[in-house]
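Below you'll find the structure, written out as structure tokens, and then a few comments.
Numbering (the working numbering), first residue to last: 31 to 87.
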């Protein structure tokens, strides 16, 4: 192993905070995706992660 990290770079957590904030405000997935520049799939993944966290608490 050469120590080279493979794969697509992770999305910075500060950028995901913008998505979480907008989801908390009740904005739609498509509106958030368009405003932040992320795909709708990314916004859905963040929303699902938030729901999983809330279910565990």
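Where is the CB? At the ideal position from N, CA and C, for every residue including glycine.
Residue 45: member of the alpha helix (DSSP H) spanning 43-54, first to last residue. When only Cα atoms are considered, residue 45 and residue 58 end up about 17 Å apart. Separation of residue 69 and residue 86 (C-alpha to C-alpha, rounded to the nearest whole angstrom) is 26 Å. With distances taken between CA atoms, residue 66 lies nearest to 51 out of 34, 32, 51 and 80. Here the alpha carbons of residue 34 and residue 40 stand approximately 15 Å from one another.
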